[in-house]
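K.L.:
Using full-length UniProt numbering, you'd call the opening residue of the sequence shown number 1 and step up by one each time. Take a look at this one; I'll ask things after.
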Amino acid sequence: MKRYTLITARPLRQPQSLPSRVRYACACGRTLGVSRIDGRSFSSATRHLSDSRAFTKYTLPARFQPPGVDLPAKMSSSPEAPRKRTAYIALGSNMGDRIGWIEKACNEMDARGIRVKRTSNLWETEPMYVLDQDRFVNGACEVETTLEPLELLDALQNIERSLGRKKLIDKGPRNIDLDILLYENIKFNHERLNIPHIGIPEREFVLRPLAELIPDKPIDPDRPWRATRDYLESLPRSPTPLTTMTPLSAHHPPIQALNPSRKTHVMAILNMTPDSFSDGGQNTQLGPQALAETVTSFLDAGATMVDIGGQSTAPGAPEVPVDEELARVVPAVELIRTSPQFASRPVLISVDTYRARVAEAAVTAGADIVNDVSGGSMDPDMLPTVARLGATVCLMHMRGTPATMNALAEYPDSEGGLIAGIARELVARVKAAEEAGVRRWRIVLDPGLGFAKVGRQNVDVLRHLEELRGWPGLEGLPWLVGSSRKSFIGRVTGVPTPKERIWGTAATVAAAVKGGRMW
């Protein structure tokens, strides 16, 4: 028996008049742009290709070969790599450590080859359908997967079970909820799964995070004129506005950046450096007890977090070796974490560094936040390290390095000016962080007063904080504003000595709080 290939497509023409791609398919039995291929066996006596649907019969020569094509004696091909598909997954939890459960689920997806490429912010939402239950934390993520829809559903449900999910009441309380919202651009209907998810159009807690990821993408392939943002804008206004949530530590509530009644956090600065511009050497000679008393005085004065730095970023300050920065920072972190006097009043600790090694050592010692003045640009290992640690990171806007930044303070009007320049460059840093694996809900932003901004540019930043806050790609993120005793305050107030710029600092803090974004 010889094998022939029956090609069921449009009525076939004589071989030499066929398009070359189809003739090649006829000769070698490959699927090259033909609508359907069915392999069947025919006897050697039946050389005609036909079927019962009155397709035109024609005969291929025994050694038919398209002109100019050399066919190998035996066709061979390597197996194709599984195709990578894009899907969007809804994330939800309203039991226990809600953010913790969602982060564990994302880590499980990564571990199982369902790569989390981007995440939305996390949003605190009121329960829907079953109202007698706690508030939810909801979000969404974009994933890359080789799994087909039902295989992906099985994998997500397996993750839910591995995290202890037990469904007691339909739409009731659950520690983790993972739903497929979209998969490529397909419609998929099955008794176990519908894509797009049927609940998308009516659920703000789904549309809000999804619109952060794909605001202009159509949800329904049959309605390509309606994008995600259109569905969101068509919903009635919620009686309880949703707010984003940025986790800080296990001992402190998350920042609710969009809640107008939230508390403003105050950050105290503990410089363990001999050359910082306002307090160089003030803390380096203190013993453990005196250092603990200094931190206590910060808390008594109203601070809620302490920022520890071991490398001055003042213009002209020398860059110290990594080991020296570690020796300055890590003992101070360990002292605060182990001192009995802070057992009853947990302190939020951030580490001011642009080096990944220092960040990792400080977080391991007990720091909660990595505060990087370079936004992760000065050490290529910083953002991947923060992602692996699962820590919250503050990305500050800066150009160049502390040594070169003041020469890079031009923001031409032709490129949108100061605020647009800061915003665009921060959007790029957020994107870099996401590509490194940092979850969006773990990002805080800093406009970088005094860094690649000179004189009245800093006042303009304070004046336009709300514009920065609402910039596309930066919405919903909390902001840190560090203005304490900086030189622009001295220029505006006429106070040359940094230690005497207290009232000028107070004015800038009030301006930042009015902008609504200082924490």
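Beta carbons are placed, not taken as given, at the ideal position from N, Cα and C, and that holds for glycine. Because the structure is a prediction, the values reported are computed rather than measured.
Compute the Euclidean distance between the alpha carbons of residue 224 and residue 247, then round it to the nearest angstrom.
P.N.:
Taking the sequence shown and counting its residues from 1, the one referred to as residue 224 is at position 224. Taking the sequence shown and counting its residues from 1, the one referred to as residue 247 is at position 247. Looking at the two C-alpha atoms, the distance is approximately 36 Å.
K.L.:
Using beta-carbon positions only, say whether residue 208 and residue 123 come within less than 8 Å of one another.
P.N.:
For this step, residue 208 is matched to residue 208 along the sequence shown. For this step, residue 123 is matched to residue 123 along the sequence shown. Yes, they are a contact pair.
K.L.:
Would you list, in sequence order, the uninterrupted alpha helix (DSSP H) runs of no fewer than 4 residues that lie entirely inside the stretch 429 to 517?
P.N.:
Runs found: 457 to 463, 465 to 469, 487 to 493 and 502 to 515.
K.L.:
Residue range of the alpha helix (DSSP H) that residue 110 falls in?
P.N.:
Along the sequence shown, read from residue 1 onward, the residue named residue 110 stands at position 110. Run containing residue 110: 98 to 111, per the alpha helix (DSSP H) assignment.
K.L.:
Check whether the Cβ atoms of residue 304 and residue 348 sit closer than 8 Å, and answer yes or no.
P.N.:
Start at 1 with the first residue of the sequence shown, and residue 304 comes out as number 304. Start at 1 with the first residue of the sequence shown, and residue 348 comes out as number 348. Yes, they are a contact pair.
K.L.:
Between 233, 440, 452 and 483, which lies nearest to residue 473 when the distance is taken from Cα to Cα?
P.N.:
As a first step, residue 473 must be located in the sequence shown, where it is residue number 473. Among 233, 440, 452 and 483, the Cα nearest to that of residue 473 is on 440.
K.L.:
Let's see if you can read the secondary structure: which residues bound the alpha helix (DSSP H) around residue 363?
P.N.:
By one-based count along the sequence shown, residue 363 stands at place 363. Taken as a continuous stretch (DSSP letters only), the alpha helix (DSSP H) holding residue 363 covers 356 to 365.
K.L.:
Beta carbon of residue 376, beta carbon of residue 395: below 8 Å?
P.N.:
Locating residue 376 in the sequence shown gives position 376, where the first residue counts as 1. Locating residue 395 in the sequence shown gives position 395, where the first residue counts as 1. Yes, these two residues count as a Cβ contact at 8 Å.
K.L.:
Tell me, please, which residues DSSP counts as bridged to residue 307.
P.N.:
Counted from its first residue, the sequence shown places residue 307 at position 307. For residue 307, which the question treats as bridged, DSSP gives the partners 269 and 350.
K.L.:
Is it right to say residue 285 is buried, meaning 16 or more other beta carbons lie within 10 angstroms of its own, or is it exposed?
P.N.:
Position 285 of the sequence shown holds residue 285. Exposed, since its Cβ has fewer than 16 Cβ neighbours within 10 Å.
K.L.:
Any idea what DSSP makes of residue 22, helix, strand or coil?
P.N.:
Residue 22 sits at position 22 when you count from the first residue of the sequence shown. For residue 22, the predicted model reports a pLDDT of 41, less than 50, meaning its position is unreliable and no value from the coordinates is stated.
K.L.:
Might you give, ordered along the chain, the residues of its own chain that have their beta carbon closer than 7 Å to the beta carbon of residue 371, omitting 5 neighbours on each side?
P.N.:
Within the sequence shown, numbered from 1, the residue matching residue 371 stands at position 371. Counting only Cβ-Cβ distances below 7 Å, and skipping sequence neighbours, we find 307, 350, 351, 352 and 394.
K.L.:
So the candidates are 365, 415 and 384; which of them puts its Cα closest to the Cα of residue 429?
P.N.:
For the purposes of this step, residue 429 is identified with residue 429 of the sequence shown, where counting begins at 1. Comparing Cα positions, the closest option is 384.
K.L.:
Nearest-angstrom Cα distance between residue 240 and residue 210?
P.N.:
Here the question's residue 240 lines up with position 240 in the sequence shown. Here the question's residue 210 lines up with position 210 in the sequence shown. Answer to the nearest angstrom: the Cα atoms are 19 Å apart.
K.L.:
When you compare the CB positions of residue 245 and residue 236, do they come within less than 8 Å of one another, or not?
P.N.:
Counting from 1 along the sequence shown, the entry for residue 245 is found at position 245. Counting from 1 along the sequence shown, the entry for residue 236 is found at position 236. Going by C-beta atoms, residue 245 is not nearer than 8 Å to residue 236.
K.L.:
Once DSSP output is grouped into helix, strand and coil, what is the label at residue 377?
P.N.:
Taking the first residue of the sequence shown as position 1, residue 377 is located at position 377. If DSSP states are grouped into helix, strand and coil, residue 377 belongs with coil.
K.L.:
Thinking C-alpha only, which one of 325, 334, 199 and 434 is nearest residue 354?
P.N.:
By one-based count along the sequence shown, residue 354 stands at place 354. Answer by Cα proximity: 325.
K.L.:
Would you kindly work out how many angstroms separate the C-alpha atoms of residue 313 and residue 414, rounded to a whole number?
P.N.:
What you label residue 313 is simply residue 313 of the sequence shown in a count that begins at 1. What you label residue 414 is simply residue 414 of the sequence shown in a count that begins at 1. Distance between the alpha carbons of residue 313 and residue 414 is about 30 Å.
K.L.:
By how many angstroms is the C-alpha of residue 452 removed from the C-alpha of residue 421?
P.N.:
For this step, residue 421 is matched to residue 421 along the sequence shown. For this step, residue 452 is matched to residue 452 along the sequence shown. When rounded, the distance between both Cα atoms is 11 Å.
K.L.:
Spatial neighbours of residue 448 within its chain, please: CB distance less than 7 Å, with the 5 preceding and 5 following residues excluded, ordered by chain position.
P.N.:
Here residue 448 refers to the residue found at position 448 of the sequence shown. Excluding sequence neighbours, residue 448 sits near 396, 397 and 398.
K.L.:
Are residue 120 and residue 140 touching if we call contact CB-CB under 8 Å?
P.N.:
As a working note, residue 120 is residue 120 in the sequence shown. As a working note, residue 140 is residue 140 in the sequence shown. Result yes, Cβ atoms of residue 120 and residue 140 sit closer than 8 Å.
K.L.:
How many Å lie between residue 113 and residue 504 at the Cα?
P.N.:
Here residue 113 corresponds to residue number 113 of the sequence shown, with the count starting at 1. Here residue 504 corresponds to residue number 504 of the sequence shown, with the count starting at 1. Going by the C-alpha atoms only, they are around 53 Å apart.
K.L.:
Please report the distance separating the alpha-carbon of residue 328 from that of residue 386.
P.N.:
Along the sequence shown, read from residue 1 onward, the residue named residue 328 stands at position 328. Along the sequence shown, read from residue 1 onward, the residue named residue 386 stands at position 386. Approximately 20 Å between the Cα atoms of the pair.
K.L.:
Looking at the secondary structure, which residues open and close the beta strand (DSSP E) in which residue 228 lies?
P.N.:
Taking the sequence shown and counting its residues from 1, one reaches residue 228 at position 228. Here residue 228 belongs to no beta strand (DSSP E); instead the alpha helix (DSSP H) covers 228 to 233.
K.L.:
Under the DSSP definition of a beta bridge, which residues are partnered with residue 218?
P.N.:
Taking the first residue of the sequence shown as position 1, residue 218 is located at position 218. According to DSSP, which records beta bridges pairwise, residue 218 is partnered with 227.
K.L.:
Do you know how far the Cα of residue 481 is from the Cα of residue 341?
P.N.:
Taking the sequence shown and counting its residues from 1, one reaches residue 341 at position 341. Taking the sequence shown and counting its residues from 1, one reaches residue 481 at position 481. Answer to the nearest angstrom: the Cα atoms are 29 Å apart.
K.L.:
Relative to the alpha-carbon of residue 266, which residue among 302, 381, 154 and 368 has its alpha-carbon at the smallest distance?
P.N.:
Walking along the sequence shown from the start, residue 266 turns up at place 266. Looking at the Cα atoms, 302 is the closest of the given residues.
K.L.:
Output yes or no for whether 8 Å exceeds the beta carbon distance between residue 333 and residue 362.
P.N.:
By 1-based counting over the sequence shown, the position of residue 333 is 333. By 1-based counting over the sequence shown, the position of residue 362 is 362. Yes, these two residues count as a Cβ contact at 8 Å.
K.L.:
Among all the DSSP beta bridges, which residues are the ones paired with residue 139?
P.N.:
One-based indexing of the sequence shown puts residue 139 at position 139. Paired residue(s): 91.
K.L.:
On the DSSP letters alone, give me the boundaries of the alpha helix (DSSP H) that residue 382 sits inside.
P.N.:
Against the sequence shown, residue 382 aligns to sequence position 382. It spans 382 to 389 - the alpha helix (DSSP H) in which residue 382 sits, taken as one unbroken run.
K.L.:
Label residue 311 either buried or exposed according to how many other C-beta atoms from any shown protein chain fall within 10 Å of its C-beta, with 16 as the threshold for buried.
P.N.:
Your numbering for residue 311 matches position 311 in the sequence shown. Classification of residue 311: buried, given that the 10 Å Cβ count is 16 or more.
K.L.:
Alpha helix (DSSP H) containing residue 159: first to last residue?
P.N.:
In the sequence shown, counting from the first residue as 1, residue 159 sits at position 159. Per DSSP, residue 159 belongs to the alpha helix (DSSP H) from 149 to 162.
K.L.:
How about residue 356 and residue 323: are their beta carbons less than 8 Å apart?
P.N.:
The residue you call residue 356 lines up with position 356 of the sequence shown. The residue you call residue 323 lines up with position 323 of the sequence shown. No; because the gap between Cβ atoms is not below 8 Å, this pair is not in contact.
K.L.:
Following the continuous beta strand (DSSP E) through residue 119, name the residue where it begins and the one where it ends.
P.N.:
Along the sequence shown, read from residue 1 onward, the residue named residue 119 stands at position 119. From DSSP, the beta strand (DSSP E) with residue 119 extends over 115 to 119.
K.L.:
Looking at the unbroken beta strand (DSSP E) that takes in residue 393, where does it start and where does it end?
P.N.:
Indexing the sequence shown from 1 puts residue 393 at position 393. 392 to 396 is the span of the beta strand (DSSP E), which, as asked, contains residue 393.
K.L.:
When you compare the CB positions of residue 488 and residue 437, do they come within less than 8 Å of one another, or not?
P.N.:
Within the sequence shown, numbered from 1, the residue matching residue 488 stands at position 488. Within the sequence shown, numbered from 1, the residue matching residue 437 stands at position 437. In this structure, residue 437 does not lie closer than 8 Å to residue 488 by Cβ.
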